[in-house]
Structure formats: structure tokens, C-alpha cells
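J.: Take this structure first; my questions come after.
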Amino acid sequence: MKIVTWNINGVRARIGNLTHWLTESAPDIVCLQEIKTVDEQFPRAEIEALGYNVETHGQKGFNGVAILSKLRFDEVIRGLPGDDADEQARFIEGVFSTDKGALRVASLYLPNGNPIDDEKKFPFKLSWMARLERWAQERLRLEEALVLAGDYNVIPEPIDARFPENWLGDALFQPETRQAFRRLLNLGFTEAVRAVTDAPDTYTFWDYQAGAWQKNNGIRIDHLLLSPEAANRFSSASIEKHVRAWEKPSDHVPVAIDLALQPA
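Here the sequence shown stands for residues 1 to 264, where the numbers follow the UniProt record's numbering.
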């Protein structure tokens with residue numbers, strides 16, 4: 001079963017790229033971030049025509065997440081619990097039936113947190129990560145195959161940036177950010193890409209500015225974390241880097257894993 005995360009950076013602006021990629025890549029489940037649209041305006045017809053079920057948690061103009069799945073949804077939950085005042089659409093989870101039991105997949109778009117001296121933005125990022133850690137602790141107790149996929153806005157290690165020194169003042173690379181990410185991993189998750197490669201120049205995002213793509217000036221901020229039950233079924237991970245060279249691309253590319261699971 002192929003599961004992919006992709007920050008699409010505006011689904012309506014890139015619906016042509018998305019449908020072409022769905023046909024080419026043939027994923028079973030896709031976690032999208034930054035759909036930048038309300039639920040009612042999500043281009044579901046084009047995606048459903050390719051055989052996908054669609055669930056969204058949208059927001060006008062920015063944020064927004066979705067899950068596309070060839071499997072039928074058994075359950076859908078929108079929003080990360082723990083803060084009733086948080087109205088930002090950044091989290092959706094779906095539950096599916098497989099031949100090995102339940103599969104739970106979450107699509108998340110973690111707050112950027114910049115600038116770090118803003119009295120609200122960076123603290124909100126850290127509090128959101130703390131909420132995610134509490135949520136993950138509870139979900140791990142279910143002992144299900146769990147895939148926590150998305151744009152984390154976290155550069156975990158210096159190797160995950162072409163020029164790490166350029167990110168020292170950025171929220172994505174702050175010690176507190178990286179520590180929060182490690183705490184999440186230390187709950188028992190396997191970080192899929194680094195489980196299969198420790199190679200440098202392994203990136204998922206290239207800025208639109210200053211020829212970053214052409215110079216391979218990238219960072220790795222899109223991650224898939226696997227619970228022990230999912231890690232036991234994990235066979236491969238890949239970054240579909242070629243998509244960044246398409247016309248009108250997202251600044252992120254799809255990151256894929258394969259699990260030895262079949263629909264029930």
C-alpha cells in the first residue's frame with residue numbers, strides 16, 4: 001500500500017498537476033497540506049473521477065488539509081484536540097480497514113512559527129507540537145498501524161538543509177523545534193525517509209526564490225512517522241523529486257512510503 005504526503009500549496013491552482021500525478025504515481029492514500037480552500041470549493045469531482053474518496057478540513061485562503069484514499073473511510077476526525085481556541089485547519093485523520101487490522105493515517109500541517117521573536121507565532125508552533133505529542137501518545141496506546149504524515153515545518157538535523165547556517169534564525173531549525181520533534185519520535189515512531197537513507201541532499205522543499213530548485217538549495221521538512229505496527233509493515237520510502245520541475249509546481253514534492261498492507 002502506497003501512502004504519500006504532499007504540501008500542494010493551493011489545490012485549485014494545481015489541480016492539473018495533482019490529477020496528472022495521481023495517475024502517474026497511483027498512490028493508495030494521499031495526505032495533502034495547504035489546500036488553501038474551504039471544503040465546498042475543493043475540486044473533489046476531478047479526484048473522485050480517478051477512483052478516490054475525498055475528505056477535507058479546509059479554510060479560506062490558507063492552511064487546510066485533506067486525505068484522498070482508494071480505500072473507504074471507516075472514520076474521519078477533523079482538528080487536533082487540546083485547544084478549543086485554535087480555529088486553524090491543520091489536522092485530519094482517517095481510519096481504514098486492512099487485511100492486518102486498522103490503519104490510521106493523519107495529515108498535518110504544522111505551524112511555521114516565524115518570526116521567532118513574534119510573541120504569538122513561535123509559542124503557538126511549540127504549543128501545537130506539544131498537543132501533537134499528547135495526541136500521539138494516546139493513539140499509540142491503540143496499537144494500530146499509524147502513519148503521521150505531513151509538512152512538519154521542522155528541519156530535524158543539519159544534514160536536512162543544503163546550507164544549515166542559513167536557517168539558524170528560523171523557527172524551522174530552532175533547538176526547541178528540533179527537540180519537540182525528537183520527543184515525538186522518541187514515543188516510538190520510525191521516521192520513514194531516514195530509516196532508508198542517511199544521504200545528504202535529501203530534500204522535500206525548494207523555495208521559489210533565488211533559483212533554489214536549480215541550485216538544489218533545499219530542505220527536508222515533509223515527514224512520515226510510523227508507529228511500531230506500521231514500521232513492521234514498512235518496505236520502502238522515496239521522494240518524488242521530479243514533480244518540482246513541472247510547470248506551476250508546488251514548492252514541496254510528494255514523499256511516499258510502501259507498507260505491506262492490503263485493503264480488507
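The beta carbon of each residue, even a glycine, is placed where N, CA and C say it ideally should be.
Because the structure is a prediction, the values reported are computed rather than measured.
(1) Contact check, residue 196 vs residue 227 under 8 Å by CB: the rounded distance?
(2) Considering only the beta carbon of each residue, do residue 263 and residue 30 sit closer than 9 Å?
(3) By DSSP's criteria, residue 33 is part of a beta bridge. Which residues make up the other side?
(4) State buried or exposed for residue 52, treating a residue as buried only when at least 16 other CB atoms are found within 10 Å of its CB.
(5) Compare the C-alpha of residue 2 against each of 245, 176, 15, 230 and name the closest.
(6) For the candidate residues 224, 165, 138, 45, whose alpha-carbon lies nearest to that of residue 80?
(7) For residue 141, count neighbouring C-beta atoms within 10 Å of its own C-beta (all shown protein chains included) and say buried if the count is 16 or more, exposed if not.
(8) Going by DSSP, what residue range makes up the beta strand (DSSP E) through residue 236?
(9) How many Å lie between residue 177 and residue 105 at the Cα?
(10) Starting from residue 225 and walking both ways along the alpha helix (DSSP H), at which residues does that stretch end?
(11) Which two residues bound the contiguous alpha helix (DSSP H) that contains residue 17?
(12) Tell me whether residue 154 sits in a helix, a strand or coil according to DSSP, three-state version.
(13) Excluding the five sequence neighbours on either side, which residues of its own chain have a C-beta within less than 8 Å of the C-beta of residue 200, listed in chain order?
(14) Let me know if residue 204 comes out buried or exposed under the rule of 16 or more other beta-carbons within 10 Å of its beta-carbon.
(15) Can you tell me whether residue 115 is buried or exposed? The criterion is at least 16 other CB atoms within 10 Å of its CB, across all chains shown.
(16) Identify, in the order they occur along the chain, each residue of the same chain with its Cβ nearer than 8 Å to the Cβ of residue 187, setting aside the five sequence neighbours on each side.
(17) For the beta strand (DSSP E) that contains residue 176, what are its first and last residues?
(18) How about the stretch 70–78 and the stretch 93–111: do they share at least three Cβ pairs that are nearer than 8 Å?
(19) Evaluate contact between the stretch 210–222 and the stretch 154–173, counting only Cβ atoms and requiring at least three cross-stretch pairs below 8 Å.
(20) Using a Cβ-Cβ cut-off of 6 Å (strictly less than) and excluding sequence neighbours within five positions of residue 190, which residues of its own chain qualify?
T.: So, from the listed chains and residues:
(1) About 17 Å separates the two Cβ atoms, so there is no contact after all.
(2) For the 9 Å CB-CB criterion, residue 263 and residue 30 do not form a contact.
(3) Answer is 7, 65, bridged to residue 33.
(4) Flag for residue 52 reads buried.
(5) Among 245, 176, 15, 230, the Cα nearest to that of residue 2 belongs to 230.
(6) Among 224, 165, 138, 45, the Cα nearest to that of residue 80 belongs to 138.
(7) Flag for residue 141 reads exposed.
(8) Under the DSSP assignment, residue 236 falls in the beta strand (DSSP E) whose first and last residues are 234–239.
(9) Answer to the nearest angstrom: the Cα atoms are 23 Å apart.
(10) Note, residue 225: premise wrong, no alpha helix (DSSP H); beta strand (DSSP E) at 222–226.
(11) 15–25 is the span of the alpha helix (DSSP H), which, as asked, contains residue 17.
(12) It is coil, neither helix nor strand.
(13) For residue 200, same chain residues with a beta-carbon under 8 Å away, outside a window of 5 residues either side, are 159 in chain order.
(14) Buried: at least 16 other Cβ atoms inside 10 Å.
(15) Burial check for residue 115: the Cβ neighbour count within 10 Å stays below 16, so the residue is exposed.
(16) Within the same chain, residue 187 has close Cβ partners 133, 136, 137, 140.
(17) Residue 176 -> not in any beta strand (DSSP E); alpha helix (DSSP H) instead, spanning 175–185.
(18) Yes, the stretch 70–78 touches the stretch 93–111.
(19) Under the Cβ criterion (8 Å, minimum of three pairs), the stretch 210–222 counts as touching the stretch 154–173.
(20) Taking C-beta separations shorter than 6 Å and ignoring five residues to either side along the sequence, the partners of residue 190 in its chain run 226, 231, following chain order.
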